[in-house]
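Comments concern the structure below.
2 protein chains.
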Amino acid sequence: MHHRRTAVLAAVASVLLGTHALAQTDPLHSWNDGAAKKAIVEFVQTTTTQGSSQFVAPEERIATFDQDGTLWVEHPMYTQVTYCFDRVPAVVRAKPELANVEPFKTVLSGNREAIAKLSMDDLLKILAATLTGMSVDEFRAEATKWLDTTRDPRWKRPYTELTYAPMIELLKYLRANGYKTYIVTGGGQDFVRTYAEPVYGIPPEQVVGTAGGTKYGYDKSGKPFLTKEPRLLLNDNDAGKPEGIHLMIGRRPHAAFGNSTGDRQMLEYTKAGDGARLAMLVLHDDAKREYAYGPVLGLPDTKVGTFTPALYDEAKKQGWIVVSMKDDWKRIFSFEPEWE
Amino acid sequence: MHHRRTAVLAAVASVLLGTHALAQTDPLHSWNDGAAKKAIVEFVQTTTTQGSSQFVAPEERIATFDQDGTLWVEHPMYTQVTYCFDRVPAVVRAKPELANVEPFKTVLSGNREAIAKLSMDDLLKILAATLTGMSVDEFRAEATKWLDTTRDPRWKRPYTELTYAPMIELLKYLRANGYKTYIVTGGGQDFVRTYAEPVYGIPPEQVVGTAGGTKYGYDKSGKPFLTKEPRLLLNDNDAGKPEGIHLMIGRRPHAAFGNSTGDRQMLEYTKAGDGARLAMLVLHDDAKREYAYGPVLGLPDTKVGTFTPALYDEAKKQGWIVVSMKDDWKRIFSFEPEWE
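Line by line, the protein sequences are chains C and W.
According to the numbering used here, the first sequence is numbered sequentially starting from 1.
According to the numbering used here, the second sequence is numbered sequentially starting from 1.
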């Protein structure tokens, strides 16, 4: 109720103050003027203006975006990892023998300290048990239901509302200029595909992610279906990102956006192409409006998803643009009023 | 010279007789009137007319095409297999120790009888040696050069000109009606991607094929590149086709086109979806203008690429349309005059 009233007031204020009309004229209106916004606009102009020496043919306009921490919140735990933990009780109900087997026993105990100590190996067992063994249609239905009904504990909103307004504007701005926008995520390809189209305007065929194999078979009535298997085809992190881009897209991106060491090779690969290339890293330095952090919590024994000092140094050296959430973004979330 | 003169005469005749203008009004002008053409037009109308009970939203309009034998000639040997055999001398020059190792020794001997007796295992060794171990850029350059300079022995034309005019019209007709067209081929994904855009109007990101892994690394100057590895990720034949469609597209097609048992599961999977679905098989029954055959030659110990009696029976049972090249197609190749 409170949120709705705020939104109505914001809309009224926006009309009275004329900021709505103003915002419409700038496709990147949630970005403050600064080096990051300037670099984006210059890149788009130089690659899409006929006659420019760095003009890029429309079919070659590919832009790739990491998801967690780049397009939406990844803190304190990747949304998909939360999903997998939440699915454990249902998995154990279906296979009661797992109740006394680790790591399922610990997850069911609800003991946060013990859960935080689970190893990467334990986590992989939980992912395999909760993400495979069902048909792709069953998986899609389960994930969709969970996303519709689960709320982030801090903002009390569905995870799919915790997208960054400036990045949504950037996706639309690039598409309006002929760029094909892709998600290239370390997260599960099937998971992200369940919501990428309504949330980001990115269709399933433009989502590249960590992917397992499927197995074709028939049900009792002879109808064919695909079962998700625990056989990893693509680990779409680190070097897996350019490898995944080659497998799924087959062209080198002209622009790439990330926020962690897992995106380093994707940015390197993008910048190694000829002509104008844009590489950007989102820096989480806004403890008040979102989070300020280095390592991502919730993933044991791993450095996945960290903006390390070494990455910062490489960005400076390679000419990658570092986007400060605190300084470069007028607002963080799409649900926030425009004038905030 | 002869061909050029024929083309000019055809153009003149076309203008004089008014057939050119007539042809323009029918997007499927190389198709004879009959059950196949009727089924295509009805499918497109019923799925794209607003208010139709079987209307398909534009983003869901996916059509998948097998390549060899469906979009271009596969006889007497898959073009890519010819490429691999042609590459063997260069591979042996780079690694002279292979000259006395089978199956390379037999290939180098030029003894056609012995070559025809090579096993599937031998063939896989030849594919691995000629398609992997180089960078993706080197591979693309080699394949492009070969396609530009090699001629089909029967038609004395580049292989890329041996595409079926009626199928090219079908691709364009579907795209003009909002369908996204994909190639889903048992052939190598990287190989087909080198020419699919100019030849079929299908961009690399819409080519799904048999795919190996790549490995990300750096050259001496520190520039990143991808090396093709002999590690199979997707065998895009048979059940591998729906599995590949799920991996690379993530949606079930509304229309699928093939010509062999390797396409059976793709057609089944397509037809198992709700609403109007179109499944078609091209039957090679035109010995005069192209070929009439069952099994494809040149692939030892395998039944890949055959239009078997069992497949014909299944097509009839499942409501798949069988396209007779002899009866349904006015002309076969795009290089033939329109009025032939």
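Glycine included, each C-beta is placed from N, C-alpha and C at the ideal position.
- Task: Evaluate LYS271(C) with the Cβ neighbour count: other Cβ atoms within 10 Å of its Cβ, from every protein chain shown; 16 or more gives buried, anything less gives exposed.
- Result: Within the first sequence, the letter at position 271 stands for residue 271(C). Buried, since its Cβ has 16 or more Cβ neighbours within 10 Å.
- Query: Would you call the segment 149-156 of chain W and the segment 226-245 of chain W touching, i.e. three or more CB-CB distances under 8 angstroms?
  - Reply: no
- Query: Cβ of THR341(C) less than 7 angstroms from any chain W Cβ?
  - Reply: As displayed, chain C neither begins before 1 nor continues past 340, which places residue 341(C) out of reach and without an answer.
- Quick one: which chain C residues come within Cβ less than 9 angstroms of VAL207(W)? Here the question's residue 207(W) lines up with position 207 in the second sequence. Under the 9 angstroms cutoff, chain C gives GLY250.
- What do you reckon, are the CB atoms on ALA196(W) and VAL207(W) nearer than 7 angstroms? Numbered from its first residue, the second sequence carries residue 196(W) at position 196. Numbered from its first residue, the second sequence carries residue 207(W) at position 207. Result yes, Cβ atoms of ALA196(W) and VAL207(W) sit closer than 7 angstroms.
- Extent of the continuous beta strand (DSSP E) run through PHE307(C): By 1-based counting over the first sequence, the position of residue 307(C) is 307. Element bounds for PHE307(C): n/a, residue is neither H nor E.
- Which residue's Cα is closest to the Cα of LEU85(C): TRP146(C), LEU283(C), ASP313(C), PRO224(C)? The count along the first sequence starts at 1 and reaches residue 85(C) at position 85. The residue asked about is misnamed: residue 85(C) is Phe in this sequence, not Leu. Here the closest residue by C-alpha is TRP146(C).
- Item | ARG157(W) - DSSP class collapsed to helix/strand/coil | Mapped onto the second sequence, residue 157(W) falls at position 157. Residue state, collapsed to three classes: coil.
- Message: Is ALA94(W) close to the ligand NAP? I mean its beta-carbon at under 6 angstroms from any heavy atom of the ligand.
- Response: As for the ligand NAP, it is missing from this structure, which has no ligand bound.
- Relative to chain C, which residues along the segment 260-292 of chain W have a C-beta separation below 7 angstroms, given in chain order? GLN265, GLU268, TYR269, ALA272
- Message: Rounding to the nearest angstrom, what Cα-Cα distance links PHE65(W) and GLN189(C) in this structure?
- Response: As a position in the second sequence, residue 65(W) is number 65, starting the count at 1. As a position in the first sequence, residue 189(C) is number 189, starting the count at 1. PHE65(W) and GLN189(C): Cα-Cα distance of roughly 24 angstroms.
- Query: What residues from the segment 108-120 of chain C come within 9 angstroms of chain W, judged by C-beta to C-beta, listed N to C?
  - Reply: Residues passing the 9 angstroms Cβ filter: none.
- With respect to the beta strand (DSSP E) encompassing ALA211(W), which residues constitute its N-terminal and C-terminal limits? Reading the second sequence from its first residue, position 211 is the one you call residue 211(W). From DSSP, the beta strand (DSSP E) with ALA211(W) extends over 207-218.
- Task: Just the chain W side, please: which residues come within less than 7 angstroms of TYR349(C) by C-beta, in chain order?
- Result: Since the first residue of chain C shown is 1 and the last is 340, residue 349(C) is not available in this structure.
- Query: Any C-beta of chain W sitting closer than 7 angstroms to the C-beta of ARG193(C)?
  - Reply: Position 193 of the first sequence holds residue 193(C). Yes, its Cβ sits closer than 7 angstroms to a Cβ of chain W.
- Task: Would you identify the three-state DSSP class for PHE191(W), choosing helix, strand or coil?
- Result: Your numbering for residue 191(W) matches position 191 in the second sequence. PHE191(W): helix per DSSP, three-state reduction.
- Pairwise C-alpha distance: THR49(W) and LYS288(W): The sequence position of residue 288(W) within the second sequence is 288, counting from 1. The sequence position of residue 49(W) within the second sequence is 49, counting from 1. Spanning the two alpha carbons is a distance of roughly 39 angstroms.
- Coarse secondary structure for LYS223(W), derived from DSSP in three states: Within the second sequence, the letter at position 223 stands for residue 223(W). Reduced to three states, the DSSP call for LYS223(W) is coil.
- Task: Please report how far the alpha carbon of PRO158(C) lies from the alpha carbon of LEU170(C), in whole angstroms.
- Result: Residue 158(C) sits at position 158 when you count from the first residue of the first sequence. Residue 170(C) sits at position 170 when you count from the first residue of the first sequence. Between PRO158(C) and LEU170(C), the C-alpha separation is close to 22 angstroms.
- Quick one: which chain C residues come within Cβ less than 8 angstroms of HIS75(W)? Walking along the second sequence from the start, residue 75(W) turns up at place 75. Per Cβ cutoff of 8 angstroms: no residues; HIS75(W) is ~27 angstroms from chain C at best.
- Straight-line CA distance for LYS95(C) to GLU142(C)? Along the first sequence, one-based indexing puts residue 95(C) at 95. Along the first sequence, one-based indexing puts residue 142(C) at 142. If I take the Cα positions, the gap works out to 17 angstroms.
- Nearest-angstrom Cα distance between ASP286(W) and LYS326(W)? To locate residue 286(W), count along the second sequence from 1; it is residue 286. To locate residue 326(W), count along the second sequence from 1; it is residue 326. In this structure, the alpha-carbon of ASP286(W) lies about 5 angstroms from that of LYS326(W).
- Quick one: is HIS254(C) near chain W, going by C-beta distance under 7 angstroms? For the purposes of this step, residue 254(C) is identified with residue 254 of the first sequence, where counting begins at 1. So, not an interface residue.
- Message: Using only the alpha-carbon positions, how far apart do ALA276(C) and GLY212(W) sit?
- Response: Numbered from its first residue, the first sequence carries residue 276(C) at position 276. Numbered from its first residue, the second sequence carries residue 212(W) at position 212. Using only the alpha carbons, I get a separation of about 30 angstroms.
- Task: Please determine, among PHE225(C), TYR78(C), GLY178(C), THR150(C), the residue with the shortest C-alpha to C-alpha distance to PHE43(C).
- Result: What you label residue 43(C) is simply residue 43 of the first sequence in a count that begins at 1. Nearest C-alpha to PHE43(C): GLY178(C).
- Message: Given this structure, state the Cα-to-Cα distance separating GLU338(W) from GLN80(C), to the nearest angstrom.
- Response: For the purposes of this step, residue 338(W) is taken as the residue at position 338 of the second sequence. For the purposes of this step, residue 80(C) is taken as the residue at position 80 of the first sequence. Taking the straight line from one Cα to the other gives about 55 angstroms.
- Message: Going by the DSSP bridge assignment, what does MET280(W) pair with across the sheet?
- Response: Position 280 of the second sequence, counted from the start, is the residue given in the question as residue 280(W). Paired residue(s): PHE257(W), ILE321(W).
- Where does GLY186(C) fall in DSSP's three states? Your numbering for residue 186(C) matches position 186 in the first sequence. Note: GLY186(C) maps to strand in three-state DSSP.
- Message: Assess contact between the segment 103-112 of chain C and the segment 313-333 of chain C, defined as three or more Cβ pairs (one per stretch) separated by less than 8 angstroms. Is contact present?
- Response: no
- Query: Can you list the residues of chain C that ALA211(W) reaches, using a CB-CB cut of under 8 angstroms?
  - Reply: Translated into positions along the second sequence, residue 211(W) becomes position 211. Residues of chain C with a Cβ closer than 8 angstroms to the Cβ of ALA211(W) are, in chain order, LEU247.
- Message: Suppose you measure from the CA of PHE335(W) to the CA of GLU161(W); what does that come to, to the nearest Å?
- Response: Here the question's residue 335(W) lines up with position 335 in the second sequence. Here the question's residue 161(W) lines up with position 161 in the second sequence. When rounded, the distance between both Cα atoms is 7 angstroms.
- Query: Which chain C residues are close to PRO89(W), counting only those with a beta carbon under 8 angstroms from its beta carbon?
  - Reply: Start at 1 with the first residue of the second sequence, and residue 89(W) comes out as number 89. Ordered by position in chain C, no residue passes the 8 angstroms Cβ test against PRO89(W), which lies about 28 angstroms from the chain.
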